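Student:
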Amino acid sequence: QALVAPEPAVTDIPSGWSVIGESPKDARIELNFAVKQRNLQSLHDTLLSVSDPKSPSYGEHLSNEAVHALIKPSDEDIATVHSFINTVAGVEPRAASPNSDFITAVMTIGQAEALLGAKYEVLRHGRAGVQVHRASRSGYRLPESVAAAVDFVSPTVHVPGVRTAKKDQLSPLDEVVESPN
Amino acid sequence: VPQHNVPETLRQLYSIGFATVGNATSNRMAVTAFLGQMYSEEALKEYWAEYCSEQKLTCGKGLPTLVGDATTGTPGVESMLDIETITGVAGNVHAEFWGFAGRSPDNPENEPFMKWLTQMASTPDETVPLIFSTSYGEDEASWSYAAADRLNVEFAKAGTRGISLLYASGDEGANCEKGKYVPETPSSSPYVTAVGGTGPTTGYPKPGFEEGIGLSSGGFSNYWPMPEWQRGAVTKYLATAEHLPEKSVGYNTSGRAYPDIAAQATGFCVTPFGCGVAGTSCASPTAAGVFALLNDVRLSAGKPPLGFLNPFIYQSAAAFNDITVGNSGGGCGIGIGWPTAKAWDAVTGVGTPNFELLKAAVVQ
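Which chain is which? The protein sequence lines are A and B, in order. Going by this note's numbering, the first residue of the first sequence is number 12, and it counts up by one from there. Going by this note's numbering, the first residue of the second sequence is number 277, and it counts up by one from there.
(1) Can you pull out the residues from the region 459 to 491 of chain B whose beta carbon lies closer than 7 Å to at least one beta carbon of chain A?
(2) Let me confirm a value: Pro19 (chain A) is counted as buried when at least 16 other C-beta atoms fall within 10 Å, else exposed. Which label applies?
(3) Can you give me, in chain order, the residues of the region 27 to 42 of chain A that have a beta carbon less than 7 Å from any beta carbon in chain B?
(4) Determine the contact status of Gly606 (chain B) and Glu360 (chain B), defining contact as a CB-CB distance below 8 Å.
(5) Please check if any C-beta of chain B sits within less than 8 Å of the C-beta of Arg174 (chain A).
(6) Should the region 602 to 622 of chain B be regarded as contacting the region 512 to 522 of chain B, the criterion being three or more beta carbon pairs within less than 8 Å?
(7) So which residues of chain A does Glu372 (chain B) contact, with C-beta pairs closer than 8 Å?
(8) By a C-beta neighbour count over all protein chains shown, 10 Å radius and 16 as the cutoff for buried, is Pro476 (chain B) buried or exposed?
(9) With DSSP as the reference, please indicate the residues paired to Ile114 (chain A) in a beta bridge.
(10) Answer yes or no: does any C-beta atom of chain A fall closer than 8 Å to that of Ser497 (chain B)?
(11) Counting only beta-carbon atoms, is Asn281 (chain B) nearer than 8 Å to chain A?
(12) Under a Cβ-count criterion, where at least 16 other Cβ atoms within 10 Å of its own Cβ denotes burial, should Glu416 (chain B) be classed as buried or exposed?
(13) Can you list the residues of chain A that Gln591 (chain B) reaches, using a CB-CB cut of under 9 Å?
(14) So, under 8 Å CB-CB, Leu570 (chain B) and Ser302 (chain B) are touching, yes? Tell me the CB distance rounded to an integer number of Å.
(15) Taking 8 Å as the CB-CB limit, is Trp620 (chain B) close to chain A?
(16) Counting only the same chain and skipping the five closest in sequence on each side, list residues whose C-beta sits under 6 Å from that of Ile292 (chain B).
(17) Within a Cβ cutoff of 8 Å, which residues of the same chain sit near Ile589 (chain B), ignoring the five residues on either side of it in sequence?
(18) In or out: Glu486 (chain B) buried (at least 16 other Cβ within 10 Å) or exposed?
(19) Verify the CB distance criterion: does Asp213 (chain A) have a CB-CB separation below 8 Å to chain B?
(20) State the DSSP-derived secondary structure class of Leu582 (chain B), mapped to helix, strand or coil.
(21) Does any residue of chain B bring its CB to less than 8 Å from the CB of Val187 (chain A)?
(22) Keeping to the same chain, check which residues put their C-beta closer than 8 Å to that of Asp598 (chain B); ignore five residues upstream and five downstream.
(23) Between the C-alpha atoms of Met356 (chain B) and Asp572 (chain B), what's the straight-line distance to the nearest angstrom?
(24) Kindly provide the ranges of any alpha helix (DSSP H) runs that are 4 or more residues long and lie completely inside the region 416 to 496 of chain B, ordered along the chain.
(25) Under the three-state reduction of DSSP, which class applies to Glu385 (chain B): helix, strand or coil?
(26) Gly128 (chain A): which of A:Asp37, A:Pro154, A:Ile82 and A:Ala116 sits nearest, CA to CA?
(27) How about Phe44 (chain A): is its C-beta nearer than 8 Å to some C-beta of chain B?
(28) Strictly below 7 Å CB to CB, what residues from chain D border Glu322 (chain B)?
(29) Met356 (chain B) lies in the beta strand (DSSP E); which residues open and close that run?
(30) Can you tell me which of the three DSSP states Phe549 (chain B) falls into?
(31) Note down, in chain order, each residue of its chain lying with its Cβ closer than 7 Å to the Cβ of Asn192 (chain A), except the 5 sequence neighbours on either side.
(32) Starting from Ser53 (chain A), find everything on chain B with Cβ-Cβ shorter than 8 Å and list it in chain order.
(33) Determine, using beta-carbon pairs with one atom in the region 529 to 549 of chain B and one in the region 390 to 403 of chain B, whether at least three such pairs fall under 8 Å.
(34) What span of residues does the beta strand (DSSP E) with Leu134 (chain A) cover, start to end?
(35) Identify whether Gly602 (chain B) lies in helix, strand or coil by the three-state DSSP scheme.
(36) Taking Asn603 (chain B) as the reference, which of B:Asp382, B:Ala424 and B:Ser492 has the closest Cα?
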């Protein structure tokens, strides 16, 4: 099958992050396949009707089971993703949500690179001191039939945001320190 | 008079008062933490002892439930700010701390934000928190359109179940990058409630004296169209506000506008780090605490929780303190960022919550 990129590679690594080398092939990674859902317009309409105080359905929220039943992916798409992971990477995937709209599989970085046609690198956020493995610059590709069954796969191209609260004023302790003058 | 934002001042500011409000046993609220921001029970207990005991305030409802693959450890400013603030504002409501590392000795590399989403989707209705406050954000385009579109669906799933999602709007004001305004997400998602930031107009926080502050992020999404529930308010702002940014900075006036509301975002005390912490990371758990109490009012009245808040917020704008002073920064050097204005604006949304007024609105 032709290979398709569900998401574009990242040309500019986000500010604060730097690439410090290749990811070790034996490091473990949990890939998360977001399987395409159905009836999304119905979900949207239901959300607005239960959330609008002027709606007669206001407050009539759906149960978790009902929400997941409403948008459950097709059995074919679920099977396609399962088969792809199992056949190519040789690992057993599992459903990460009640209706299998997320399917995860733990494997090595080496297996993930082979599965996704990707190259994982270690990214480090200097200020936060956080390191992640991402295939941001290489991107990833999936066989056409698998790409048609998923919205995206993570962690791949997306680099997490890091937010740190600021200190904008002196603490009470600092305020009582007098200047030499 | 306290010089900083602590439970006592925040409850005065937002008309919560000092009575124990929370009574509904099924009410739960949560904060989320990512990438190694850890929770410390010792620090939370110290915070409660310092800011709640002497004032005889009920803070939280026992120790928080810990959920996720990375919860306890060396406390982080962000994580402790979130849990201390939400339990300081909302007395007698059970809190949860949901923490995800992205990687740990026991867990393989993952996308912590996705771990949170799948955990929430797998938690039964009986035990899932009714409100999540998240102080996580990044440039909108850092998620591909395909992934961002899917995140919207996940947010919509939560709202349809009756779960409210509040996000810090961002700390970069109008967020100028390379001469253009850049929206921030998840606050730019039309399926969450974005919380901007205010500060005191005078030296210390007191009711009726708040202004929009420079760090408060807001603007317009480049991914998502403007929803109907905010169209009237935002259209009025664009038509009547003075000192709007020049069009050359590239904002998309047909996009989803944010923030939706605001709360104090400067001068917070965080144990064990000290006072003077700022950012919309302060505002989101503050607002979430108020809405957790409003959920309590509804549950106690035999009504369902508020769920996705935005249609209610825009229809109940009169129950918020309208912030008409101040502006955001980050304006590409050719202006002030966004100005505040009467009614909705791109710094403070419809304003800061007035619990007394909102309490009446949520049971109507």
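In this text, a Cβ means the ideal position worked out from N, Cα and C, and glycines have one as well. Owing to the predicted nature of the structure, the values given are computational and were not obtained by experimental measurement.
Tutor: Based on what the coordinates show:
(1) Residues of the region 459 to 491 of chain B with a C-beta less than 7 Å from any C-beta of chain A: none at all.
(2) Counted from its first residue, the first sequence places residue 19 (chain A) at position 8. Classification of Pro19 (chain A): exposed, given that the 10 Å Cβ count is below 16.
(3) The region 27 to 42 of chain A vs chain B, Cβ under 7 Å: Ala38, Arg39, Ile40 and Glu41.
(4) Here residue 606 (chain B) is taken as the residue at index 330 of the second sequence, counted from 1. Here residue 360 (chain B) is taken as the residue at index 84 of the second sequence, counted from 1. Taking 8 Å as the Cβ cut-off, Gly606 (chain B) and Glu360 (chain B) do not qualify as a contacting pair.
(5) The sequence position of residue 174 (chain A) within the first sequence is 163, counting from 1. Chain B contact via Cβ: present.
(6) Output reads yes: the region 512 to 522 of chain B touches the region 602 to 622 of chain B.
(7) Working through the second sequence from its first residue, we reach residue 372 (chain B) at position 96. Correct list: empty, because the minimum Cβ distance to chain A is about 17 Å.
(8) Residue mapping note: residue 476 (chain B) aligns to position 200 of the second sequence, counting from 1. Here Pro476 (chain B) is buried. Its C-beta has 16 or more other C-beta atoms within 10 Å.
(9) Locating residue 114 (chain A) in the first sequence gives position 103, where the first residue counts as 1. Paired residues: A:Phe44 and A:Ala106.
(10) Numbered from 1 along the second sequence, position 221 holds the residue referred to as residue 497 (chain B). Not an interface residue.
(11) Counting from one through the second sequence, the residue named residue 281 (chain B) turns up at place 5. No, Asn281 (chain B) lies away from the interface with chain A (no Cβ there is under 8 Å from its Cβ).
(12) Reading the second sequence from its first residue, position 140 is the one you call residue 416 (chain B). Buried, by the Cβ-count rule.
(13) In the second sequence, the residue the question calls residue 591 (chain B) occupies position 315. Per Cβ cutoff of 9 Å: Asp63, Pro64 and Lys65.
(14) Locating residue 570 (chain B) in the second sequence gives position 294, where the first residue counts as 1. Locating residue 302 (chain B) in the second sequence gives position 26, where the first residue counts as 1. That belief does not hold up - the Cβ atoms of Leu570 (chain B) and Ser302 (chain B) are roughly 14 Å apart, past 8 Å.
(15) Translated into positions along the second sequence, residue 620 (chain B) becomes position 344. Trp620 (chain B) does not count as touching chain A.
(16) Counting from 1 along the second sequence, the entry for residue 292 (chain B) is found at position 16. Around Ile292 (chain B), the same chain offers Phe631 as residues with beta carbons nearer than 6 Å, after the five sequence neighbours per side are excluded.
(17) On the second sequence, residue 589 (chain B) is found 313 positions in, with the first residue counted as 1. Same-chain partners within the cutoff: Thr469, Asp536, Ile537, Phe596, Gly625 and Val626.
(18) Against the second sequence, residue 486 (chain B) aligns to sequence position 210. Counting the other Cβ atoms within 10 Å of the Cβ of Glu486 (chain B) gives 16 or more, which makes it buried.
(19) Outside the shown range of chain A (12 to 192) lies residue 213 (chain A), about which nothing can therefore be said.
(20) For the purposes of this step, residue 582 (chain B) is taken as the residue at position 306 of the second sequence. In the structure shown, Leu582 (chain B) sits in coil (DSSP, three-state: anything other than H, G, I, E or B).
(21) In the first sequence, the residue the question calls residue 187 (chain A) occupies position 176. Reliability of the predicted coordinates at Val187 (chain A) is poor, the pLDDT of 29 falling under 50, and the value obtained from them is presented with this limitation in mind. Closer than 8 Å: no.
(22) In the second sequence, the residue the question calls residue 598 (chain B) occupies position 322. So the list reads Lys618, Ala619, Val626 and Gly627, once near-sequence residues are dropped.
(23) Position 80 of the second sequence holds residue 356 (chain B). Position 296 of the second sequence holds residue 572 (chain B). The straight-line gap from Cα to Cα measures roughly 24 Å.
(24) With a minimum length of 4 residues, the continuous alpha helix (DSSP H) runs that stay inside the region 416 to 496 of chain B are 421 to 437.
(25) Reading the second sequence from its first residue, position 109 is the one you call residue 385 (chain B). Glu385 (chain B): strand per DSSP, three-state reduction.
(26) As a position in the first sequence, residue 128 (chain A) is number 117, starting the count at 1. Of A:Asp37, A:Pro154, A:Ile82 and A:Ala116, the smallest CA-CA separation from Gly128 (chain A) is found for A:Pro154.
(27) Translated into the one-based positions of the first sequence, residue 44 (chain A) becomes position 33. Phe44 (chain A) does not count as touching chain B.
(28) Absent from the structure: chain D. Protein chains present are A and B.
(29) On the second sequence, residue 356 (chain B) is found 80 positions in, with the first residue counted as 1. That residue, Met356 (chain B), is in no beta strand (DSSP E); its alpha helix (DSSP H) goes Val353 to Val365.
(30) As a position in the second sequence, residue 549 (chain B) is number 273, starting the count at 1. Phe549 (chain B) falls in the coil class under three-state DSSP.
(31) Numbered from its first residue, the first sequence carries residue 192 (chain A) at position 181. For Asn192 (chain A), the predicted model reports a pLDDT of 26, less than 50, meaning its position is unreliable; a value from the coordinates is still stated below. For Asn192 (chain A), where only same-chain residues beyond five positions count, there are no Cβ hits under 7 Å.
(32) Position 42 of the first sequence, counted from the start, is the residue given in the question as residue 53 (chain A). Those within 8 Å of Ser53 (chain A) in chain B number zero; the least Cβ separation is about 10 Å.
(33) With a cut-off of 8 Å, the region 390 to 403 of chain B and the region 529 to 549 of chain B do not count as touching, because too few Cβ pairs lie within range.
(34) Taking the first residue of the first sequence as position 1, residue 134 (chain A) is located at position 123. Residues Glu132 to His136.
(35) Taking the first residue of the second sequence as 1, we reach residue 602 (chain B) at position 326. Here Gly602 (chain B) carries a strand assignment [DSSP, helix/strand/coil].
(36) Reading the second sequence from its first residue, position 327 is the one you call residue 603 (chain B). Just measuring C-alpha positions, the residue of B:Asp382, B:Ala424 and B:Ser492 sitting nearest Asn603 (chain B) is B:Ser492.
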